[in-house]
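Scroll down for the structure; my scribbles are underneath it.
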Amino acid sequence: MQIGFFGRMGEIIGREVEIEIPASTGTVAGLRRLLAEHFPAAADALGDARLRACIADTMVDESHSVAGVERVEFFPPLSGG
Amino acid sequence: MTVTLTCRLAESAFDPWDELRQFAQASQGAGAVSSFTGTARPLSSDGEAVEAVEAMFLDHHPRLTLESMRAIVDAAARFGCDHRLVIHRCGVVLPGEPIVLVAAASAHRRAAIAAVEYMIDRLKTDAVFWKREDRASSSAWIEPSAEDRAAHARWEQ
Chain A
5 MQIGFFGRMG
15 EIIGREVEIE
25 IPASTGTVAG
35 LRRLLAEHFP
45 AAADALGDAR
55 LRACIADTMV
65 DESHSVAGVE
75 RVEFFPPLSG
85 G
Chain B
15 MTVTLTCRLA
25 ESAFDPWDEL
35 RQFAQASQGA
45 GAVSSFTGTA
55 RPLSSDGEAV
65 EAVEAMFLDH
75 HPRLTLESMR
85 AIVDAAARFG
95 CDHRLVIHRC
105 GVVLPGEPIV
115 LVAAASAHRR
125 AAIAAVEYMI
135 DRLKTDAVFW
145 KREDRASSSA
155 WIEPSAEDRA
165 AHARWEQ
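Line by line, the protein sequences give chains A and B.
First residue of the first sequence: 5, per this note's numbering; consecutive thereafter.
First residue of the second sequence: 15, per this note's numbering; consecutive thereafter.
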């Protein structure tokens, strides 16, 4: 799965990451936990409720399925223009 | 009268005065042209310490940033302005460089002025950007100020 990170998250982890997702990772919440294991230095930032997930250009909540999803993006709070 | 809506993400420096001249020409027949230009500040006003800013970095999303800008330009239709424009920089912006140009033209002044205020107030909180201020000693990711949020909120009454 491709993961895109924006803003400060892109600095902490990298703007583009590709990881293998085990079948047990069913939701956005599970994906966050998996990413926190891969990137322990970013565990706190990944657990921040203000970090929102986006799939196919739509903001999704924590229970959203990631099964079969090719790309998930994570948005820190917006700065505005 | 034809409607002209312009919404553009600029990846390099743009000339707001040239853009405004073209906008005014395209809006011929409108009695009022109003605009706002925002430029990158040379000094950081974060907290007590004032420090020189070396650059701003505006991270953006390949589709949702422009979409968020378009939604704001579209929503400003409520003011009855037939001509509206938003140009916003992304990438690295140097102090003194224009970051945003907002313009509206209408038959009479109040609609054009209100539409510009509305669009910039909403851009400041709702536009999909992540901004980093690079100072001599450190960098910081910026979030909208309480003032920005209050300016936005007054349009929701």
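Even for Gly, the Cβ is constructed at its ideal location relative to N, Cα and C.
**Q.** Interface partners of residue 12/A on chain B, CB under 8 Å
**A.** 144, 146, 155
Q | is_contact[residue 158/B, chain A] using C-beta, thresh 8 Å | A | yes
Q. Relative to the alpha-carbon of residue 96/B, which residue among 64/B, 47/B, 106/B, 134/B has its alpha-carbon at the smallest distance?
A. 47/B
Q) At which residue ranges does the region 62-134 of chain B contain complete beta strand (DSSP E) runs of 3 or more residues, listed in the order of the chain? A) 65-74, 97-103, 105-107, 112-120
Q. What is the rounded straight-line gap between the Cα of residue 78/A and the Cα of residue 116/B?
A. 29 Å
Q: Mind listing the chain B neighbours of residue 61/A? Cutoff is C-beta to C-beta under 9 Å, in chain order.
A: 75, 77, 78, 81
Q) Name the residues in the region 87-114 of chain B whose C-beta lies less than 7 Å from a C-beta of chain A; which are they? A) 102, 114
**Q.** Proximity below 8 Å, CB of residue 141/B to CB of residue 82/B
**A.** yes
(Q) In whole angstroms, give me the CA-to-CA distance for residue 19/A and residue 46/A. (A) 13 Å
Q) DSSP state of residue 13/A, grouped into three classes? A) helix
Q: Give every residue of the same chain whose Cβ lies closer than 7 Å to the Cβ of residue 27/B, excluding the five residues on either side of it in the sequence, and list them in chain order.
A: 111
Q: Answer with yes or no whether the minimum CB distance from residue 82/A to chain B is below 8 Å.
A: yes
(Q) Mapping the DSSP letters down to three states, classify residue 34/A as helix, strand or coil. (A) helix
Q: Anything in chain B within Cβ reach of residue 85/A, meaning under 7 Å, just list it in chain order.
A: 102, 114, 137, 138, 141, 143
Q) Helix, strand or coil: which one does DSSP assign to residue 52/A? A) coil
Q) Among residues of its own chain, excluding the 5 on either side of residue 12/B, which ones have a beta-carbon nearer than 7 Å to its beta-carbon? A) Only positions 15 to 171 of chain B appear in this structure, which leaves residue 12/B out of reach.
Q.
Please list the terminal residues of the continuous beta strand (DSSP E) segment that includes residue 79/A.
A. 75-79
Q) Counting contacts by CB-CB distance shorter than 8 Å, is residue 29/B in contact with chain E? A) Reference to chain E is not applicable here, since the protein chains of this structure are A and B.
Q. Should the region 15-24 of chain B be called in touch with the region 71-90 of chain B, which here means at least 3 C-beta pairs below 8 Å?
A. yes
**Q.** CB contact flag (residue 30/A, residue 71/A, <8 Å)
**A.** yes
Q. Beta-carbon separation of residue 162/B and residue 10/A under 8 Å?
A. no
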